[in-house]
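>
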DNA sequence: CTTGGTGTTGTTACCGCTAACATAGCGCGG
DNA sequence: CCGCGCTATGTTAGCGGTAACAACACCAAG
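Residue numbers (the working numbering), protein chains in the order written: chain A, 5 to 348; chain B, 5 to 348.
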């Protein structure tokens, strides 16, 4: 019998401990700690004092179970390794800051299987909302999303059919717009440099839009080069060298992201290639990180931060319109010509 | 009376639903879904079928409350905006992957108050372990950490007294080592460029170690320049220009991080300054991101990924030694001289 | 025909908290 | 002095699972 009277000092505290220490019922302690319901100032004071003295930390697990309310928002994104998703995250957490909601992140590494399992794991915590990158999901994942019974916001992309709400840009259009700008500037022998990632649907759509834009002007890609993994800046250098060696008469290089584009730009500058006269360059994303480059790379801002903000607003029920769900919010990236496309 | 017989079809499912659908008790369903205890193959099959057909997702909140076990690991870091913490995160999540443990991230923005509230929030979910950046915490935060009753790993830094375990490098020593290398290479008029962040204790310790290293050789900093916010690459350019204008005879610039160092390097190259002959440069972190620069910046690898891996191993109880807690694991960054320090 | 495993399934009592309702105390008008 | 309407506090009954133990077949050995 080591149990009965003296409570184990290292056992984690419960409401009952605070209740006993302050001489009121557990319910009253609960009310004080949540600022809910009427409690007299004297009691409140007493309870807070006791709670602080004991170092009591509420158990949200029990609270959530009892109240059927969880202040968690699931965020499922493919990666953290380039700056794009961290920036979305910052938009989300800044917006959620004053709502009492807390983001919980899951990373899929662009794998549909991992997406499925991360999603399952998340839903089992019964979050009060979910933000997930992309519109493409496995059938099982789609089924879970549909029957989750909570607000879902699919972000980054709007070229497709969302389960519930969506916030993003049209990557197809973005690719097409860039193609148009390049053609308008007089470039004709155009090369593409990108990643080998079959599951990066946004990059794929951008690429499709880009080719489509070229096709409308009767053009096609003159050459292509792909990579996977490694330091993007370095890969950009190497790929640029490779593609230019192979097809020396290229007069424009379109990169699937700014980081490899920056590598390419540095290579061209070091090799004394006339940019944008002899060769034009463009990337995608508008990463602020690169503002310090000797020359500003042409790019398109993907509205990352704003996507995060809007998505979080939808989850938090902060959208001005009284819309409940099924809202599709399209953002419009603007072309930033920088110094690497000829002025027309 | 809209309640009694027909169950609301949109209500979220519980064990009971699966139990009724498969004709066994809730307990047996629970056993099947967790692969625990003996269940006959026939029953298992039946239950899994029913669960899948219904699209049942277990409620971990209830499960955690009942079993007093939570498969969550809290991770508290100051920021996501440069690449250092994302890289630590990747080490953590890769290591946790096959342990059934799931990381939950909280961001403090280098604010002790936010750290305190994020920590409180995390602990209220009763995670089974906690990884937190730095050894410096507010008294309240320290108290929470000490009485949390779970394994705690403080990461990045080991210059101080950990609450429980710690994994990191000595930033003081790192700063000193860099100073020694610079002096050994014959530089004497040394400038420092860094951030204005009183709460970035690692940067501060590096700086102190650096000055200490200089002092031992009878030297002191010839000039200093600080910034806050903005694109690091760009700031690096600007600060470098400023400090060189103000103190033209500087022969070495030590940057508190690689990103501003890279900006400085690009500035020097563009201005035709002889690097490393007339002016030497060094940063800190060893960010792979920058491998594509025209010249390799001298730096010190902060072992970010490995810190994440080791910390996660401690939490997961995977450390080879049978140590239970209170382990301090020091990692040793190595100097990468690159191309921006004169060879001796 | 017991007895005693062995393997499978069910029962009961919580886990720590909160919603909803019950109750107690008190000032005040009639 | 009663009863009304307050406000401040307590009581009860779960939330949806799981630990621990009980119960039940079933069969081999004694």
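The beta-carbon is built from N, C-alpha and C at its ideal position, and this holds for glycine as well.
Would you check if the stretch 122-142 of chain B and the stretch 93-113 of chain B touch, i.e. whether three or more CB-CB distances between them fall below 8 Å?
Yes, the stretch 93-113 of chain B is in contact with the stretch 122-142 of chain B.
> Here's the rule I'm using: 16 or more other beta-carbon atoms within 10 Å means buried, otherwise exposed. How should residue 53 (chain B) be labelled?
Residue 53 (chain B) comes out exposed.
> May I have the straight-line CA-CA distance separating residue 187 (chain B) from residue 271 (chain B), to the nearest angstrom?
Their Cα atoms are separated by approximately 23 Å.
> With residue 154 (chain A) as the anchor, note down where its alpha helix (DSSP H) starts and where it stops.
Residue 154 (chain A) -> no alpha helix (DSSP H), and no H or E assigned at all.
> Does residue 298 (chain A) come within less than 7 Å of chain B when only Cβ atoms are used?
Yes, because at least one Cβ of chain B sits closer than 7 Å to the Cβ of residue 298 (chain A).
> Return the CA-CA distance between residue 9 (chain B) and residue 17 (chain B), expressed in angstroms with no decimal places.
Per-residue confidence for residue 9 (chain B) stands at a pLDDT of 38, beneath the threshold of 50, marking its modelled position as unreliable; no derived number is given.
> Is the beta carbon of residue 131 (chain B) closer than 7 Å to that of residue 76 (chain B)?
Closer than 7 Å, so yes.
> Report the start-end ranges of each alpha helix (DSSP H) in the stretch 194-253 of chain A that is 4 residues or longer and not cut off at the edges.
For the stretch 194-253 of chain A, whole alpha helix (DSSP H) runs of length 4 or above, ordered along the chain, are 205-220, 236-250.
> With DSSP as the reference, please indicate the residues paired to residue 303 (chain A) in a beta bridge.
Paired residue(s): A:340.
> For residue 332 (chain B) and residue 305 (chain B), I'd like the C-alpha separation in whole angstroms.
Each residue's Cα considered, the two are about 19 Å apart.
> Do residue 127 (chain A) and residue 88 (chain B) come within 7 Å of each other at the CB atom, strictly closer than that value?
Against a cut-off of 7 Å, the Cβ pair of residue 127 (chain A) and residue 88 (chain B) comes out as no contact.
> When the Cα of residue 30 (chain A) is compared with those of A:44, A:51, A:45, which residue comes out closest?
Selected option, being the one with the closest Cα: A:51.
> So, residue 277 (chain A) versus residue 240 (chain A), is the Cβ gap smaller than 7 Å?
No.
> Please decide whether residue 147 (chain B) counts as near chain A, where near means a Cβ-Cβ distance under 7 Å.
With 7 Å as the cut-off, residue 147 (chain B) counts as an interface residue toward chain A.
> In the DSSP assignment, what residue or residues form a beta bridge with residue 256 (chain A)?
Its beta-bridge partners are A:194, A:284.
> Tell me whether the beta-carbon of residue 65 (chain A) lies closer than 7 Å to the beta-carbon of residue 65 (chain B).
It is a contact, given that the beta carbons lie within the stated cut-off.
> Apart from the five residues just before and just after residue 23 (chain A), which ones in its own chain have a Cβ nearer than 8 Å to its Cβ?
If we look at residue 23 (chain A) and ignore the five residues flanking it on each side, its Cβ neighbours are 29, 30, 32, 33.
> Along the chain, which unbroken stretches of the beta strand (DSSP E) at least 3 residues long are found entirely within the stretch 27-72 of chain A?
Runs of the beta strand (DSSP E) inside the stretch 27-72 of chain A: none found.
> Please work out which residues of its chain come closer than 7 Å, Cβ to Cβ, to residue 245 (chain B), disregarding the five sequence neighbours upstream and downstream, and give them in chain order.
Hits under 7 Å: 271.
> Could you pull out every residue in the same chain whose Cβ sits closer than 8 Å to the Cβ of residue 190 (chain A), ignoring the five residues on either side in sequence?
The residues are 346, 348.
> Skipping 5 residues on each side, what residues in its chain have a beta carbon closer than 7 Å to that of residue 148 (chain A)?
Hits under 7 Å: 123, 124, 127.
> How do the stretch 245-262 of chain A and the stretch 277-288 of chain A stand: do at least 3 beta-carbon pairs fall below 8 Å, yes or no?
Contact holds: three or more Cβ-Cβ distances are below 8 Å.
> For residue 335 (chain B) and residue 309 (chain A), I'd like the C-alpha separation in whole angstroms.
Going from the Cα of residue 335 (chain B) to the Cα of residue 309 (chain A) covers about 35 Å.
> DSSP on residue 4 (chain A), reduced to helix/strand/coil?
What is shown of chain A runs 5 to 348, which leaves residue 4 (chain A) out entirely.
> What number of angstroms, rounded off, separates the C-alpha of residue 185 (chain A) from the C-alpha of residue 172 (chain A)?
One C-alpha to the other measures close to 22 Å.
> Taking the CB atoms as reference points, tell me whether residue 375 (chain B) and residue 164 (chain B) lie closer together than 7 Å.
No answer is possible for residue 375 (chain B): the residues shown for chain B start at 5 and end at 348.
> Considering only the beta carbon of each residue, do residue 233 (chain A) and residue 180 (chain A) sit closer than 7 Å?
Their beta carbons are not under 7 Å apart, which means residue 233 (chain A) does not touch residue 180 (chain A) by this criterion.
> Please list, in chain order, the chain A residues whose beta carbon lies closer than 9 Å to that of residue 352 (chain B).
No answer is possible for residue 352 (chain B): the residues shown for chain B start at 5 and end at 348.
> Considering Cα atoms alone, identify which of A:250, A:177, A:252, A:63 is closest to residue 338 (chain A).
Among A:250, A:177, A:252, A:63, the Cα nearest to that of residue 338 (chain A) belongs to A:177.
> My understanding is that residue 344 (chain A) touches residue 280 (chain A), with C-beta atoms under 8 Å, so please give their C-beta distance in whole angstroms.
Between residue 280 (chain A) and residue 344 (chain A) the Cβ distance is about 5 Å, and since that is below 8 Å, they are a contact.
> So, is the C-beta of residue 9 (chain A) closer than 7 Å to a C-beta in chain B?
Only weak support is given to the placement of residue 9 (chain A): the predicted model assigns it a pLDDT of 38, under 50, and the value that follows is read from those uncertain coordinates. Judged by the 7 Å Cβ criterion, residue 9 (chain A) is not in contact with chain B.
> Starting from residue 334 (chain A), trace the beta strand (DSSP E) in both directions and tell me its first and last residue.
Here the beta strand (DSSP E) through residue 334 (chain A) covers 332-334.
> Using a Cβ-Cβ distance under 7 Å, would residue 6 (chain A) count as near chain B?
Caution is warranted here: a pLDDT of 33 is assigned to residue 6 (chain A), below 50, making its placement in the model unreliable, and the coordinate value is therefore given only provisionally. It does not; no Cβ of chain B falls within 7 Å.
> Quick one: what's got a C-beta closer than 6 Å to residue 195 (chain A)'s C-beta in the same chain, skipping five residues either side?
If we look at residue 195 (chain A) and ignore the five residues flanking it on each side, its Cβ neighbours are 226, 227, 247, 254, 257.
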